[in-house]
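Colleague:
Numbering (UniProt numbering), first residue to last: 1 to 464.
See below:
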């Protein structure tokens with residue numbers, strides 16, 4: 001048996017997601033083999049000498065005459081072998097392993113909420129949210145068991161019922177620590193990449209799943225094959241106060257109404273186009289017609305749902321109706337490429353393609369539509385789930401790129417949103433445009449019916 005445990009080891013945040021994916025999918029065994037001269041093959045015994053625990057180790061490639069007694073620190077990287085010995089020999093040291101695992105789970109700095117909930121028979125809600133009070137209560141319950149220092153109290157946890165066996169419990173604890181390490185580093189990476197002031201937190205209180213390690217976090221649209229994004233606007237407004245001079249501002253020039261009130265709250269109804277001031281405008285960065293371009297201002301949590309909906313997004317604060325929350329970013333691709341990828345995504349039940357079909361049907365280039373593909377490249381919006389009763393909707397926004405076929409997609413709240421509420425959008429809704437939605441003739445709708453798990457009172461049961 002190999003004594004070395006798979007771990008996730010990262011050197012630079014910039015190497016994500018490639019290095020994270022490699023580290024999680026293989027292991028650090030080869031790395032450790034280069035660093036260590038000897039490898040443990042088997043644990044053959046345990047003894048206590050003057051209060052210190054020692055392990056009799058059999059070394060791989062060496063006969064038994066070279067077996068040696070080593071300290072606890074020597075077996076930190078081969079806990080699987082320690083477990084093998086303890087449970088085969090029924091060594092009393094297995095209770096020490098359980099206590100160490102429980103201390104890890106109720107660690108004050110990074111408690112393992114998933115395992116705390118499982119131990120305390122706490123049912124994680126579908127939205128994955130557990131209050132700090134409930135987490136602290138569960139921590140105290142586990143700490144009380146540890147303080148009792150008796151085998152009887154440990155046995156009351158009934159690890160066999162919750163995890164299959166005591167050994168499986170210890171293995172899950174180890175696996176969860178690796179997942180939490182990945183989540184911690186991935187969270188740091190996406191925040192560094194986004195460069196936004198409002199933090200994104202990452203939580204998994206539901207299972208042992210790590211974040212999608214092949215996902216590339218974006219700050220802006222990424223042009224796909226054969227796509228050029230022109231962010232050099234040919235014109236801009238000359239306003240000194242855009243709100244006071246709204247009738248002469250950018251929106252008016254494109255035949256639509258000014259989008260925001262004085263505080264930057266959206267005034268326009270769903271389906272209205274938004275034209276913000278661009279880099280050729282005379283107004284400054286504090287102009288209240290520069291909302292989407294200022295980026296996300298709401299701190300969010302990417303969390304693991306507990307009812308099979310994968311990852312979701314939750315707000316950490318209350319949000320008023322009409323507030324900009326985030327953009328839908330991804331790779332802009334042609335309708336031909338969207339058709340090709342769509343066949344693959346439809347078969348897998350994925351819903352990351354968002355058509356940018358904002359051309360008039362009689363126009364010469366109506367066939368040349370674009371889509372945003374956020375399957376591999378995107379931002380926090382990649383993780384927003386569907387609901388038949390959503391609290392977000394999408395508006396088309398033009399800023400520096402004034403190509404009518406290539407708007408930005410902005411998520412605004414359509415009602416007041418509670419603190420800690422999950423943010424959702426209706427995948428079935430028509431796309432907003434000042435001209436009215438127009439389907440690309442060559443871009444079919446999703447062909448595979450996907451079961452809806454939103455749980456809303458008006459749930460339509462299927463996404464298409």
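Quick reminder that beta carbons are idealized off the backbone N, C-alpha and C, glycines included.
Quick one: measure Cβ to Cβ for residue 250 and residue 307, integer angstroms, because I've assumed they're closer than 8 Å.
Modeller: Against the chain shown, residue 250 aligns to sequence position 250. Against the chain shown, residue 307 aligns to sequence position 307. Not confirmed; about 44 Å, so no contact.
Colleague: Give me the DSSP bridge partner(s) of residue 354.
Modeller: Locating residue 354 in the chain shown gives position 354, where the first residue counts as 1. Per DSSP, 372.
Colleague: Can you tell me the Cβ-Cβ gap for residue 291 and residue 328, rounded? I've got them flagged as a contact below 8 Å.
Modeller: Your numbering for residue 291 matches position 291 in the chain shown. Your numbering for residue 328 matches position 328 in the chain shown. Actually they do not touch by this definition, with Cβ atoms about 15 Å apart.
Colleague: Out of 218, 112, 258 and 120, which has the shortest C-alpha to C-alpha gap to residue 161?
Modeller: Looking up residue 161 in the chain shown gives position 161. Residue 120 is the option with its Cα nearest to residue 161.
Colleague: Nearest to residue 330 by alpha carbon, out of 426, 111 and 227?
Modeller: In the chain shown, the residue the question calls residue 330 occupies position 330. Checked all of 426, 111 and 227; the closest Cα to residue 330 is 227.
Colleague: So, for residue 458: in the same chain, excluding its five sequence neighbours on each side, which residues have a beta-carbon less than 8 Å away from its beta-carbon?
Modeller: Here the question's residue 458 lines up with position 458 in the chain shown. So the qualifying residues of the chain are 388 and 389.
Colleague: Who are the near neighbours of residue 93 in its chain, counting only those whose CB is closer than 6 Å to its CB and skipping five residues on each side?
Modeller: Numbered from its first residue, the chain shown carries residue 93 at position 93. Cβ within range, chain order: 46 and 86.
Colleague: Under the three-state reduction of DSSP, which class applies to residue 100: helix, strand or coil?
Modeller: Numbered from its first residue, the chain shown carries residue 100 at position 100. Helix at residue 100.
Colleague: DSSP three-state label for residue 406, please.
Modeller: Mapped onto the chain shown, residue 406 falls at position 406. DSSP places residue 406 in coil when its eight states are reduced to three.
Colleague: Which residue marks the beginning of the beta strand (DSSP E) containing residue 329, and which one marks its end?
Modeller: As a working note, residue 329 is residue 329 in the chain shown. Element bounds for residue 329: n/a, residue is neither H nor E.
Colleague: How big is the Cα-Cα spacing for residue 344 and residue 282?
Modeller: As a working note, residue 344 is residue 344 in the chain shown. As a working note, residue 282 is residue 282 in the chain shown. Taking the straight line joining both Cα atoms gives about 46 Å.
Colleague: Do you know how far the Cα of residue 84 is from the Cα of residue 297?
Modeller: Taking the chain shown and counting its residues from 1, the one referred to as residue 297 is at position 297. Taking the chain shown and counting its residues from 1, the one referred to as residue 84 is at position 84. About 51 Å.
Colleague: For residue 454 and residue 309, what's the separation of their Cα atoms in angstroms?
Modeller: For this step, residue 454 is matched to residue 454 along the chain shown. For this step, residue 309 is matched to residue 309 along the chain shown. In a straight line, the C-alpha of residue 454 is about 8 Å away from that of residue 309.
Colleague: Could you check how far apart the C-beta atoms of residue 412 and residue 392 are, in whole angstroms? I think they sit under 8 Å.
Modeller: In the chain shown, the residue the question calls residue 412 occupies position 412. In the chain shown, the residue the question calls residue 392 occupies position 392. Between residue 392 and residue 412 the Cβ distance is about 7 Å, and since that is below 8 Å, they are a contact.
Colleague: Out of 52, 58, 372 and 49, which has the shortest C-alpha to C-alpha gap to residue 42?
Modeller: For the purposes of this step, residue 42 is identified with residue 42 of the chain shown, where counting begins at 1. It is 58.
Colleague: Does the count of Cβ pairs from the segment 109-126 and the segment 137-152 closer than 8 Å reach three?
Modeller: yes
Colleague: Tell me, to the nearest whole angstrom, how far the beta carbon of residue 233 is from that of residue 279; I am working on the premise that it is less than 8 Å.
Modeller: In the chain shown, residue 233 corresponds to position 233, counting from 1. In the chain shown, residue 279 corresponds to position 279, counting from 1. With 8 Å as the limit, residue 233 and residue 279 qualify as a contact, their Cβ atoms being about 7 Å apart.
Colleague: Using only CA atoms, which one of 165, 208, 374 and 191 lies nearest to residue 201?
Modeller: One-based indexing of the chain shown puts residue 201 at position 201. Taking only the C-alpha atoms, the option nearest residue 201 is 191.
Colleague: Can you give the Cα-Cα distance for residue 407 and residue 183, rounded to whole angstroms?
Modeller: As a position in the chain shown, residue 407 is number 407, starting the count at 1. As a position in the chain shown, residue 183 is number 183, starting the count at 1. Taking the straight line joining both Cα atoms gives about 33 Å.
Colleague: Does the beta-carbon of residue 109 have 16 or more other beta-carbons within 10 angstroms, so that it is buried, or is it exposed?
Modeller: Reading the chain shown from its first residue, position 109 is the one you call residue 109. The residue in question, residue 109, is exposed, as its Cβ has fewer than 16 Cβ neighbours within 10 Å.
Colleague: Taking the alpha carbon of residue 349 as the reference point, which residue from 66, 63, 386 and 130 has its own alpha carbon closest?
Modeller: As a working note, residue 349 is residue 349 in the chain shown. The option with the nearest alpha carbon to residue 349 is 386.
Colleague: Counting along the chain, where does the alpha helix (DSSP H) carrying residue 136 start and finish?
Modeller: Position 136 of the chain shown, counted from the start, is the residue given in the question as residue 136. For residue 136, the uninterrupted alpha helix (DSSP H) run begins and ends at 132-148, by DSSP.
Colleague: Tell me whether the beta-carbon of residue 95 lies closer than 8 Å to the beta-carbon of residue 314.
Modeller: As a first step, residue 95 must be located in the chain shown, where it is residue number 95. As a first step, residue 314 must be located in the chain shown, where it is residue number 314. No; because the gap between Cβ atoms is not below 8 Å, this pair is not in contact.
Colleague: Whole angstroms is fine: what's the gap from residue 433's alpha carbon to residue 172's?
Modeller: The sequence position of residue 433 within the chain shown is 433, counting from 1. The sequence position of residue 172 within the chain shown is 172, counting from 1. Residue placement at residue 433 is flagged as unreliable, the pLDDT there being 41, under the threshold of 50; the coordinate-derived value follows with that caveat. Cα to Cα, the separation comes out at about 49 Å.
Colleague: Drop a sphere of 10 angstroms on the beta-carbon of residue 322, count the other beta-carbons inside from all chains shown, and report buried for 16 or more, exposed for fewer.
Modeller: Position 322 of the chain shown, counting from 1, holds the residue named residue 322. Counting Cβ neighbours within 10 Å, residue 322 comes out buried, since at least 16 surround it.
Colleague: Can you give me the C-alpha to C-alpha distance between residue 169 and residue 105, rounded to a whole angstrom?
Modeller: Along the chain shown, read from residue 1 onward, the residue named residue 169 stands at position 169. Along the chain shown, read from residue 1 onward, the residue named residue 105 stands at position 105. Distance between the alpha carbons of residue 169 and residue 105: 11 Å.
Colleague: In this structure, does DSSP put residue 451 in helix, strand or coil?
Modeller: Position 451 of the chain shown holds residue 451. Three-state DSSP puts residue 451 in a strand.
Colleague: Determine which residues share a DSSP beta bridge with residue 385 and list them.
Modeller: Working through the chain shown from its first residue, we reach residue 385 at position 385. BP columns for residue 385 point to 424.
Colleague: Could you tell me the alpha carbon to alpha carbon distance between residue 274 and residue 398, rounded to whole angstroms?
Modeller: If you number the chain shown from 1, residue 274 lands on position 274. If you number the chain shown from 1, residue 398 lands on position 398. Using only the alpha carbons, I get a separation of about 6 Å.
Colleague: Taking 8 Å as the cut-off, decide whether the C-beta atoms of residue 157 and residue 145 are in contact.
Modeller: The residue you call residue 157 lines up with position 157 of the chain shown. The residue you call residue 145 lines up with position 145 of the chain shown. Contact flag set, yes.
Colleague: Is it true that the CB of residue 318 sits closer than 8 Å to the CB of residue 204?
Modeller: In the chain shown, residue 204 corresponds to position 204, counting from 1. In the chain shown, residue 318 corresponds to position 318, counting from 1. No, these two residues do not count as a Cβ contact at 8 Å.
Colleague: Compute the beta-carbon to beta-carbon distance between residue 40 and residue 78, rounded to the nearest angstrom, for a pair I have assumed lies under 8 Å.
Modeller: Here residue 40 corresponds to residue number 40 of the chain shown, with the count starting at 1. Here residue 78 corresponds to residue number 78 of the chain shown, with the count starting at 1. Correct: roughly 5 Å between the Cβ atoms.
Colleague: Identify whether residue 176 lies in helix, strand or coil by the three-state DSSP scheme.
Modeller: In the chain shown, counting from the first residue as 1, residue 176 sits at position 176. The answer is helix: DSSP assigns residue 176 an H, G or I state.
Colleague: Which whole-angstrom value is the C-beta distance of residue 338 and residue 381, which I expect to be below 8 Å?
Modeller: On the chain shown, residue 338 is found 338 positions in, with the first residue counted as 1. On the chain shown, residue 381 is found 381 positions in, with the first residue counted as 1. Wrong, their Cβ atoms sit about 18 Å apart, outside the cutoff.
Colleague: At which residues does the alpha helix (DSSP H) containing residue 244 begin and terminate?
Modeller: The residue given as residue 244 occupies position 244 in the chain shown. Segment: none, residue 244 is in no alpha helix (DSSP H) and carries neither H nor E.
Colleague: So, with DSSP's three-state summary, where would you put residue 110?
Modeller: Numbered from its first residue, the chain shown carries residue 110 at position 110. In the three-state DSSP reduction, residue 110 falls in the coil class, being neither helix nor strand.
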